[in-house]
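A short worksheet on the structure shown next.
Residue numbers (this note's numbering): 241 to 740.
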């Protein structure tokens with residue numbers, strides 16, 4: 241081989257390695273962002289799509305059908321039987337695939353679980369919660385990081401029927417005080433409009449009237465649609481009181497037209513959340529924490545990763561053995577055998593990459609939570625919001641040695657269950673305000689104190705920004721008056737003369 245061809249081969253190998261590394265990084269980035277419930281779904285999908293990936297087994301041989309499901313070890317025997325059947329099905333899939341070599345890879349048969357079999361050893365949850373269904377739709381929306389945080393908070397604020405009954409001003413205050421997200425009611429409304437495009441129609445409405453109009457808006461243009469809009473817009477009171485005769489007379493409709501109109505109006509859903517299954521509206525209750533943090537009486541704080549029903553994964557022994565056999569005979573391969581080897585290698589490589597990405601995800605989550613607990617230990621001890629010290633993504637990234645983007649992905653969609661409640665990881669992050677003395681204070685802590693002072697002021701004699709500055713200083717927050725005015729505006733609180 242001459243020097244030029246050798247150089248070309250080396251370049252191709254380098255490009256192939258770089259591409260492989262890039263694909264592995266992409267897979268890792270996708271998995272690290274998923275909360276545990278969605279990760280379990282992804283694992284199930286991956287196993288269905290790749291016959292070389294399977295649940296790790298102890299290698300025991302199947303001894304026969306169980307005699308009785310009432311025996312003490314019957315569940316264990318059933319699981320052994322399912323594992324054996326699983327291996328046989330995957331071996332069959334491999335045999336079919338090898339026999340079909342020569343067709344495109346997309347046409348090759350892959351192993352799929354039969355949903356009618358009702359297997360009990362690999363269950364990923366009884367239902368997808370109200371929150372999760374909306375969250376899945378949120379991933380498809382074109383949102384900035386801040387808009388995504390706002391959207392998530394809006395979803396968590398929905399009532400059981402799927403309607404939003406908090407005012408946008410109140411949500412703006414809560415986001416600023418409790419989540420350090422500075423936004424305006426107008427910006428929140430913009431995100432809310434996007435939420436209202438989610439399914440089912442009517443979700444995120446602020447009133448029954450808006451809920452019905454959102455559903456009507458999704459209909460194709462027609463005279464009937466125009467009549468429905470007119471009834472809900474102009475005759476809403478009569479509509480809610482079922483004064484059909486009055487509406488019919490006002491719109492000058494025939495009996496047939498009225499019957500068709502009122503029939504369609506009755507089909508509108510006043511509680512769109514109910515269309516999302518049994519877990520209607522219990523969004524915050526149905527959040528599955530990714531971390532379980534335990535605060536012990538001796539002052540130690542520990543945590544565990546919630547693995548749910550996450551199985552241990554391995555590369556199918558059938559595929560591994562077949563690849564080994566083909567590689568040993570690669571010098572004397574037929575064209576069909578080479579194609580078989582390429583197919584097997586592709587599936588085995590994908591299975592190994594997925595298993596490695598799962599391992600990297602577990603390590604990343606562990607490092608991130610360890611660092612958050614180290615930096616916010618006092619909060620985990622007493623649960624006091626004021627104990628949250630200034631902490632930004634960069635602080636955690638530097639301590640863990642992980643990329644800033646990785647910490648952001650972990651923090652965006654994960655929850656931690658603590659003695660004081662279940663919080664999104666974003667809850668533990670806060671910017672810092674540096675005083676003239678060089679002391680760092682949490683901006684969230686300052687805003688919470690400011691909100692509390694104004695909440696408890698004499699409403700007949702509201703405090704000016706100067707007085708607020710003095711009161712904050714007395715509480716241990718020596719900040720400038722212009723900063724007080726800035727934080728007050730960010731909280732959506734008017735000046736003193738407008739608070740009377």
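By construction, the Cβ of each residue, glycine as well, lies at the ideal position given by its N, Cα and C atoms.
Measure how close the beta-carbons of residue i and residue j come, nearest whole angstrom, since I'm counting them as under 8 Å.
i           : j           : result
residue 403 : residue 446 : 7 Å
residue 751 : residue 425 : With the chain running from 241 to 740 in the structure shown, residue 751 is simply not present.
residue 550 : residue 268 : Actually they do not touch by this definition, with Cβ atoms about 16 Å apart.
residue 454 : residue 469 : Not really, about 11 Å apart at Cβ, beyond 8 Å.
residue 532 : residue 546 : 6 Å
residue 512 : residue 441 : 7 Å
residue 607 : residue 640 : 4 Å
residue 593 : residue 292 : Going by Cβ atoms, the distance from residue 593 to residue 292 rounds to 11 Å, so no, they are not a contact pair.
residue 631 : residue 670 : 6 Å
Take the Cβ of residue i as the centre, count every other Cβ of all protein chains shown within 10 Å, and call the residue buried at 16 or more, exposed below.
i           : result
residue 661 : exposed
residue 266 : exposed
residue 562 : buried
residue 517 : Residue confidence for residue 517 is low, a pLDDT of 46 falling below 50, so the modelled location carries little weight; the figure read from the coordinates is stated next. Classification of residue 517: exposed, given that the 10 Å Cβ count is below 16.
residue 496 : exposed
residue 580 : buried
residue 698 : exposed
residue 325 : Residue placement at residue 325 is poorly supported in this model, since its pLDDT is 47, which falls under 50; the coordinates still yield a value, given next. Residue 325 should be labelled exposed.
residue 392 : buried
Taking C-alpha atoms, which residue in the options lies nearest to residue i?
i           : options               : result
residue 290 : 496, 450, 588 and 262 : 588
residue 451 : 481, 488, 405 and 594 : 405
residue 729 : 423, 481, 614 and 695 : 423
residue 276 : 395, 560 and 602      : 602
residue 544 : 656, 283 and 285      : 656
residue 683 : 697, 667, 698 and 695 : 667
residue 389 : 739, 671, 653 and 558 : 653
residue 613 : 540, 643 and 649      : 540
DSSP state of residue i, grouped into three classes?
i           : result
residue 531 : strand
residue 655 : strand
residue 338 : With a pLDDT of 48 at residue 338, under the threshold of 50, the modelled position of that residue is not reliable, and the figure given next carries that caveat. Three-state result, residue 338: helix.
residue 386 : helix
residue 593 : helix
residue 614 : helix
residue 479 : helix
residue 277 : helix
residue 541 : strand
residue 431 : helix
residue 554 : strand
residue 661 : strand
residue 422 : coil
residue 494 : coil
residue 295 : strand
residue 391 : helix
residue 573 : coil
Please list, in chain order, all residues of the same chain as residue i whose beta carbon is under 8 Å from its beta carbon, the five residues on each side excluded.
i           : result
residue 724 : 690, 705, 708, 709 and 712
residue 397 : 404, 406 and 411
residue 464 : 500, 501 and 504
residue 354 : For residue 354, the predicted structure reports a pLDDT of 35, less than 50, and the residue's modelled location is therefore unreliable. The matter cannot be settled from this model.
For residue i, which residues of its own chain have a beta-carbon under 6 Å away from its beta-carbon, when the five flanking residues on both sides are left out?
i           : result
residue 597 : 267, 268 and 271
residue 421 : 389 and 415
Is there a Cβ of chain C sitting closer than 8 Å to that of residue i, yes or no?
i           : result
residue 549 : Annotation note: the requested chain C is absent from the structure, which comprises a single protein chain.
Less than 7 Å between C-beta atoms, sequence neighbours within five positions excluded: which residues of the same chain meet that for residue i?
i           : result
residue 478 : 486 and 487
residue 715 : 689
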